[in-house]
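For reference, the structure discussed in these notes is given below.
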Amino acid sequence: MTTTEYVRELARKARGAAANLRRATTAVKNARLLALADELEAAYGTICKANAADVAAAQAAGLSPALVDRLTLTPARFEAMVAGVRTVAGLPDPVGDTIWKRTRPSGITIEKTREPFGVVAVVFESRPNVFIDTAALCVKTGNAVILRGGKEAAQSNAALAEVARRVLGEAVQFVAIPDHAAVTELVRAVGLVDVAIPRGGERLIRAMCEAALIPVLKHYKGVCHLYVDDAADLAMALSILDNAKVQRPSACNAVECLLVHEKVAPLFLKMVESWAKGRGVTVHMPDEPDHDWGREFLALELNVGVVPDCAAAIAHINAHGSHHSDAIVTADAAHAAQFLRDVDSACVYHNASTRFTDGAEFGMGAEIGISTDKLHARGPMGLEELTTYKYRVTGEGTVRS
37 MTTTEYVREL ARKARGAAAN LRRATTAVKN ARLLALADEL EAAYGTICKA
87 NAADVAAAQA AGLSPALVDR LTLTPARFEA MVAGVRTVAG LPDPVGDTIW
137 KRTRPSGITI EKTREPFGVV AVVFESRPNV FIDTAALCVK TGNAVILRGG
187 KEAAQSNAAL AEVARRVLGE AVQFVAIPDH AAVTELVRAV GLVDVAIPRG
237 GERLIRAMCE AALIPVLKHY KGVCHLYVDD AADLAMALSI LDNAKVQRPS
287 ACNAVECLLV HEKVAPLFLK MVESWAKGRG VTVHMPDEPD HDWGREFLAL
337 ELNVGVVPDC AAAIAHINAH GSHHSDAIVT ADAAHAAQFL RDVDSACVYH
387 NASTRFTDGA EFGMGAEIGI STDKLHARGP MGLEELTTYK YRVTGEGTVR
437 S
């Protein structure tokens, strides 16, 4: 069987499962998700053994600490993954919800309702928890899903796929071959796959977008900023910086660039210097060779710059950021309002860490990703973002005059 035949066979199975899943009641979908959570817990030992093998292979291959961290399914992450499935089961089901309803002078009644996409293809790298997060969100919204993970997580994904297959059947399809051509076939499967969502590095995302014949929901990278205004509480600013940079530097919502107002720079940069030494953070200044304001480090590294005012910070962020998540620390309400209005990013923050850009933190349950697009979804993508809509029009023999 060729790669094309293999992928299209998976897609046909997913399409058939999607037709059945579309008709499933909320109670049925929730029962399947709760069963999935139970089955994952029962298979904990098998899954962790597979993940440990992947982690060992990644370390032996000399992969970066950031990638190894993303690959590792720690006990806490496993517990959070299972809890996320149960959380999704407990969330309201958006499918069938009425967005609006109106009766026109012609006599027809129009109802705009949320509906499943049908078949969603998700291509991801490293993080094995993405497999289960994605499966849960798709099943809850009546979508079948085709999952293709990175080769570095091959054993973890295979173990998770086996559990999902036992509980969810053909609604969850797993691309088990490492051939990169399989990704191209997925994003070219017009009529079989409705939308693709990449979860990985910029190279993967650009390759998918260039090959795609179907819609792709994406964010290329997370170059997130923290701007410390002249009216900032500097102790608060340092606390937010510590959380946004150090808590999980490999996350796409971690801060990669610190901008400081010139009036507070002399004092605050001394605070930052001491903090960076204590936390093991490498600081990059603009006078360094090959300095790049748009770099996504995904590690304990940080670009630092000084700006003359809030407007300059906003201009810098819009020019060099990735339109993901950016924050201002200030006690000046006017500056905060200006920042929140003018920074062209999916998520903008006032006196809070960018690390909150997350489906669970936004009350969506597990997220399927974060989009920096403006169509169809923007920011964390939860249940509602995995639906489209249709117009249900009824009349009484009504014809157009």
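Numbered by the numbering used here, the letters in the sequence shown go through residues 37 to 437 in order.
From the three backbone atoms N, C-alpha and C, an ideal C-beta is built for every residue, glycine too.
Helix or strand or just coil, what does DSSP make of K176? helix
Take P285 and list the residues in its own chain whose beta-carbon comes closer than 6 angstroms to its own, dropping the five residues that flank it on each side. A335, L336
Are the CB atoms of G330 and C288 within a distance shorter than 8 angstroms? no
T123, buried or exposed, once every other Cβ within 10 Å from all chains shown has been counted against 16: buried
For Q209, which residues does DSSP report across the bridge? I182
When burial is assigned at 16 or more other CB atoms within 10 Å of the CB, is K281 buried or exposed? buried
Pairs of beta-carbons, one from the region 315-323 and one from the region 339-352, closer than 8 angstroms: are there three or more? yes
Taking the continuous alpha helix (DSSP H) assigned at S310, which residues delimit it? 301-315
If contact is defined by three or more beta carbon pairs under 8 angstroms, each pair taking one atom from either stretch, is the region 189-208 in contact with the region 71-87? yes
Looking at G227: is its Cβ nearer than 8 angstroms to the Cβ of L57? no
For a test of the three-state rule: what should DSSP assign to V435, helix, strand or coil? coil
Among T40, D129, F153, P128, which one has its Cα closest to the Cα of K426? F153
Roughly how many whole angstroms lie between the Cα atoms of K439 and E324? Any question about residue 439 goes unanswered here, given that the chain covers just 37 to 437.
Where M117 sits in the DSSP three-state scheme: helix
Sequence-distant residues of its chain with Cβ nearer than 6 angstroms to R315 (five each side left out): V282
Around the C-beta of A157, are 16 or more other C-beta atoms found within 10 angstroms, so that it is buried, or is it exposed? buried
Report all residues from its chain with a CB closer than 7 angstroms to the CB of R184; omit the five preceding and five following residues, and keep chain order. V159, V211, A218, V219, L222
Own chain residues within Cβ distance below 6 angstroms of R106, not counting five before or after: S162, R163, S286
For T38, which of helix, strand or coil comes out of DSSP? coil
Identify whether K426 lies in helix, strand or coil by the three-state DSSP scheme. strand
Per DSSP, what kind of secondary structure is G405 in: helix, strand or coil? strand
Compute the distance between the beta-carbons of A86 and Q191, then report whether it is under 8 angstroms. yes
Where does I144 sit, in a helix, a strand or coil, going by DSSP? coil
Let me make sure I understand the geometry here. Which of S437, R436, V429, V435 has the alpha-carbon closest to that of T139? V429
Just to check my reading of the structure: A189 and A207 have Cβ atoms closer than 8 angstroms, yes? What is that Cβ distance to the nearest angstrom? Wrong, their Cβ atoms sit about 21 angstroms apart, outside the cutoff.
Just to confirm the assignment, what range does the beta strand (DSSP E) spanning E292 have? 291-297
Own chain, CB closer than 6 angstroms to K148, minus 5 neighbours either side, in chain order: I135, W136, Y425, Y427
Sorry if obvious, but does the Cβ on R122 come closer than 7 angstroms to a heavy atom of the ligand FAD? Here there are no bound small molecules, and the ligand FAD is not part of this structure.
Please list the segments of the alpha helix (DSSP H) lying wholly inside the region 336-419, counting only runs of 4 or more residues, in order along the chain. 346-356, 369-378
Under the three-state DSSP convention, the category R331 falls into: coil
Hey, could you find the ends of the alpha helix (DSSP H) R163 is sitting in? First-last for R163: undefined, no H or E at that position.
CB-CB under 7 angstroms to E397, same chain, minus the five flanking residues each way: which ones, in chain order? none
Just confirm the distance between the C-beta atoms of L294 and I182, as a whole number of angstroms; I'd bet it's less than 8 angstroms. The pair is not a contact, with the Cβ atoms about 40 angstroms apart (cut-off 8 angstroms).
According to DSSP, is A189 part of a helix, a strand, or is it coil? helix
Evaluate R68 with the Cβ neighbour count: other Cβ atoms within 10 Å of its Cβ, from every protein chain shown; 16 or more gives buried, anything less gives exposed. buried
For C470, the first and last residue of its enclosing alpha helix (DSSP H): Any answer about residue 470 is impossible in this case: the structure gives the chain only from 37 up to 437.
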